[in-house]
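Down below is the structure, laid out as structure tokens.
In the numbering used here, the protein residues as written are 59 to 156.
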């Protein structure tokens, strides 16, 4: 899961991330470790809290490759107007391939 990568990029410990999203201080590190190792899967509400705390969009965790994850993150930081410009550009690329 991309969770560990996003957490390390944000320079946040497992324990601190757990506490930031409302976990009990005594179990935060262990629970986050289980999520990162894939032993447990967080529910969507928990995953959304993690995404918000780490500054990534929720779909970042579901991207199949690094380029898609990077694109999702970059696009999420744009204004709505710029996102629409990106979408129109991508559509024009698709049309030029036809």
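For glycine and all other residues, C-beta sits at the position ideal for the given N, C-alpha and C.
This structure is a prediction, so every number in the text was calculated from the model and none was measured.
- Here DSSP, grouped into helix, strand and coil, assigns residue 79 to coil.
- Per DSSP, the unbroken alpha helix (DSSP H) holding residue 155 starts and ends at 138-155.
- If you check the CB distance, residue 61 and residue 94 come in under 7 Å.
- In this structure, the beta-carbon distance from residue 86 to residue 76 falls below 7 Å.
- Between residue 78 and residue 111, the CB-CB gap stays under 7 Å.
- DSSP, reduced to helix, strand and coil, places residue 98 outside both helices and strands of the structure shown, so it counts as coil.
- Contact check for residue 103 against residue 115 fails: the beta carbons are separated by 7 Å or more.
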